[in-house]
Each structure stands twice: as structure tokens, then as C-alpha cells.
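Protein chains in written order, with the numbering used here: chain A, 15 to 177; chain B, 3 to 209.
Think of the CB as a built atom: it goes at the ideal place given N, C-alpha and C, for glycine as much as any other residue.
These numbers come from a predicted model, not from an experiment.
Below is one structure, written out as C-alpha cells; comments come after it.
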Amino acid sequence: DISGTFFTSEWIDNVDGLLPIEIKEDWLQNTYERRIIVSVQPYNIPDEDFDPRLNGVLLYIRMGSKVYKPTKEQLALQDAGISDDKWYYIALSIPTVVVIFFVLMYFFLYANGKNRDFTDVTRKALNKKRRVLGKFSEMKKFKTMRNHKYTELPSYKKTGKQN
Amino acid sequence: ARAVHRPKEKMTTSEEVKPWVRTIYGSLNEIVTPTVIAGVTFSAKPDPTPNPLQPWVSLKKDGTPQTIKPEIKKGRTQKQKPDYSTYFKTATMHTFSYEELKAVNMDPDDVHEEEEFVDEDDTYVSLNPIIRCTPDRYFSKGPAKDIPSEPFCTPRENSDWKVGKTYFVTWYTRFFEDENSDTVADKVRVHLSYVKEKSVEMGNHKR
Chain A
15 DISGTFFTSE
25 WIDNVDGLLP
35 IEIKEDWLQN
45 TYERRIIVSV
55 QPYNIPDEDF
65 DPRLNGVLLY
75 IRMGSKVYKP
85 TKEQLALQDA
95 GISDDKWYYI
105 ALSIPTVVVI
115 FFVLMYFFLY
125 ANGKNRDFTD
135 VTRKALNKKR
145 RVLGKFSEMK
155 KFKTMRNHKY
165 TELPSYKKTG
175 KQN
Chain B
3 ARAVHRPKEK
13 MTTSEEVKPW
23 VRTIYGSLNE
33 IVTPTVIAGV
43 TFSAKPDPTP
53 NPLQPWVSLK
63 KDGTPQTIKP
73 EIKKGRTQKQ
83 KPDYSTYFKT
93 ATMHTFSYEE
103 LKAVNMDPDD
113 VHEEEEFVDE
123 DDTYVSLNPI
133 IRCTPDRYFS
143 KGPAKDIPSE
153 PFCTPRENSD
163 WKVGKTYFVT
173 WYTRFFEDEN
183 SDTVADKVRV
193 HLSYVKEKSV
203 EMGNHKR
């Protein structure tokens, strides 16, 4: 085993000199990116003598970005008439239900307009507004207050000059 | 009004790649099963009528395949499938005696040596549509870009490989030639190994 090596292919024929590699998420080990080295070991070099750094190429493996647009598979499904439209129905049904509710409410109120009597409610509300304060001496807060009785203000005899 | 874009019809099962039979080395019959990797069909059945403008597959710097369609411009074919020169040929010295050549300017005792290139066995190489790696396609690597990337052509140094995608690692097969026996290693394997990075080097990529 070569230390740090996380992927080793099978022994393959050295005919074309190519190998396709699909990048796995596990190789990142819960990180966004890792720096790796790619190396090729010929059959005649044993593992002990093989150094991947000797002729290897340094590169990065990255998580990549997710693009939320229809993939080829999704487009093919749409073309075949298969689509996952659940969200579409939910998004449409909520405002439809609200509109239907208000329409029914309107007709219900219109039909029961003559039988409706809110006078007891309204009277109570109006009476609250028209509350009479009452006598100052009967107010709980001012009952104990010693108040002087009203007496006539002192009056002065008018002099002859004033007349 | 906008023109309706209708996607191209998908391949049906009858159009899918199927195994085919070929005769190799004169008399041996072989069943070849085509395989599709990253959109590239390997071991595909050749057209009954050879097309000089047959598309071939090149590789981008990171090793992703790219189909190239040759085209004729001003009477010349452009973007043709690459010629590998003598990179995959075996050089041999052929010695001609005077009796064989009977050249007018040759002494009867002399021998004439001439280098000849013998083509490789393309029985299996011909099934590969992807461009092969040759030393003229090496790139330079290292901080000063002064180290040849031998034996690799792709991927280039500091390429980005993204999760879920398929990339082609290509190398020059004759790089692994044994000097003593002049034989090329017939089996190889590819390793991917982690590299320790300094803290200052980590996370510099703009996401």
C-alpha cells in the first residue's frame, strides 16, 4: 500500500493509456476540497519502490456547485409526460381555497343580512362611550377628600363713585 | 409568438449499442461489446462506409471529453484526427547487402543500414475514439513551469475535478518501456493519493 492513497484502480492493459475516473463524494472526507496527486504505476515496479510523487500530477478534487435547472433526465421525463407537479398543485390550491371561502362568505352574509341583530353588542359599545361620570363627591377616589362647600364670594359695597 | 423548441428524439432500444463480431489476426472471430463512458462510446462498430469526416474525441485540460467534428474549408480538411507520427511505431535497423540493393554508388563489400518503423498492432487501439497521449502533448508543470508532465497528457496540473463527473486520465503508454528489454509494461494501475497542504494554501479557491 502506498500511504495517502485512497483510490487504486485494477491492473489494466497499457494499450490506450487512458482510464476514466468518476469522482466520489466520499473521497473529500467531509471537506469542500482536497489536493490530490494522480500517478501511474507500471507492473514491473513493485509497491515498495513506487513513489507517486515522482511523475504524478497535482490537482484538486472539489465538491462543485449544484445548478438547479432541469437535467437531461428531467427533460426526458417531461417529454414522456411524467412530471412531479406536487408543488404546483399546492401553490395553486391555497389561493383558490381562500377565494372560494370569501365568495361563500359573501353569499352567506348577503342571505342572512335581515336576520342579523348586533344591537346588543353595539349598544354596549356605545354606552361605554357615553358613560356618565356622576358626582364628584361620589367618586370613590375623592370620597375621603375634604372639600369645602361652595360659599359666595365676598362682595363689596359699591361706593358712590362707582355707581 | 415564440418558436416551440422540441428536444431531439432520444435513442430507442433498437438504436442502443449492441455487441458485434469482428475478425482479428486473419481468422479469429471476436465479439466486441461497446461501452459508453462519460458519453463516449468505446469499441463501437465501424461504419460500413468509412467517413473521412468521422468525429473523434479530444480531451480538455481537466480530462473531460470533447467531440471534434472535422470540416472541409477551402478544400482542406481541418480538425482532423491527430496523426501520431512515429510515437507508437517500433524502429528497427534493416541492413541491406550489395546483392539486395545493387545500388550503382555502392561498393560490393558495403552494407547499407536503414531505419524502418514498424506499425504497432492496432487491433485494440483502433477501438478507442479518444485522442491518445504522445510526448508532443505533454504540458509543463511545477512552480516555474519547467518540468514536463511525462507520462501524463491529462489532467493538467491544478485542474479541478468535481464530484460526480467523469474525467479521463491519459498517459503515454511507451513511457513505461523497460530499457533493458525494450518492452513496454503491459499492465499498469492508477493511484489517487492525498497531498498535505500548508494552512496558507488551503481554501484559496473562490467558491
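Rounded to whole angstroms, ASN107/B and GLU117/B show a C-alpha spacing of 19 Å. Between PRO54/B and THR43/B, the C-beta spacing is not below 8 Å. Looking from the CA of ASP162/B, the closest CA among PHE21/A, VAL52/A and ASP30/A belongs to VAL52/A. Three or more pairs of CB atoms, one per stretch, sit closer than 8 Å, so the region 59-70 of chain B contacts the region 150-169 of chain B. Within the same chain, Cβ atoms closer than 6 Å to the Cβ of THR172/B are found at CYS135, CYS155 and THR156, the five residues on either side in sequence being excluded. For ILE39/B, at least one C-beta of chain A is nearer than 8 Å to its own C-beta. Assigned with DSSP and collapsed to three states, ILE70/B falls in strand.
Residue pairing for LEU147/A: DSSP places it in no beta bridge. Taken in chain order, the complete beta strand (DSSP E) segments of 3 or more residues contained in the region 75-162 of chain B are 78-80, 92-99, 113-120 and 154-156. Residue range 58-61 is occupied by the beta strand (DSSP E) that includes SER60/B. Scanning LYS198/B, THR25/B, PHE90/B and ALA105/B for the CA closest to the CA of PHE119/B turns up PHE90/B.
Following the DSSP letters along the chain, one finds TRP101/A inside the alpha helix (DSSP H) bounded by residues 100-125. For the pair ARG191/B and SER99/B, the Cα-to-Cα distance works out to about 45 Å. Think of a sphere of 8 Å around the beta carbon of TRP173/B: the chain A residues whose beta carbon falls inside it are GLY31, LEU32 and VAL54, in chain order. When CB distances to chain B are screened at a threshold of 7 Å, the residues of the region 64-87 of chain A falling below it are PRO66, ASN69, VAL71, LEU72, LEU73, TYR74, ILE75, ARG76, MET77 and GLY78, in chain order.
Around THR22/A, the beta-carbon contacts reaching into chain B at under 7 Å are ARG191 and HIS193.
Flagged as an interface residue toward chain B: ASN28/A, by a C-beta distance shorter than 8 Å. Excluding its 5 nearest sequence neighbours in each direction, ASP30/A has no C-beta neighbour in its own chain below 7 Å.
ILE33/B is positioned such that its CB atom lies no closer than 8 Å to that of VAL19/B.
Counting of Cβ neighbours within 10 angstroms places GLN43/A among the exposed residues, the total staying below 16. When secondary structure is reduced to three states using DSSP, THR136/A falls in the helix class. When secondary structure is reduced to three states using DSSP, ARG8/B falls in the coil class, being assigned neither helix nor strand. DSSP places GLN55/A inside the beta strand (DSSP E), whose first and last residues are 47-56. For a Cβ distance threshold of 7 Å, nothing in chain A lies close to TRP58/B: the least Cβ distance comes to about 14 Å. Per DSSP, reduced to three states, the secondary structure at PRO66/A is helical.
Within the region 88-106 of chain A, those residues whose Cβ lies closer than 8 Å to any Cβ of chain B are, in chain order, LEU89, ALA90 and ASP93. Taking a beta-carbon distance threshold of 8 Å, ASN130/B counts as an interface residue toward chain A.
Judged by DSSP in its simplified three-state form, GLU87/A adopts helix. About 4 Å separates the beta carbons of LYS189/B and TRP25/A, which is inside the 8 Å limit, making them a contact pair. PHE122/A counts as exposed, since fewer than 16 other C-beta atoms from the protein chains shown sit within 10 angstroms of its C-beta.
Here PHE178/B is near ASN28/A, since their CB atoms are less than 8 Å apart.
ILE33/B: member of the beta strand (DSSP E) spanning 30-34, first to last residue.
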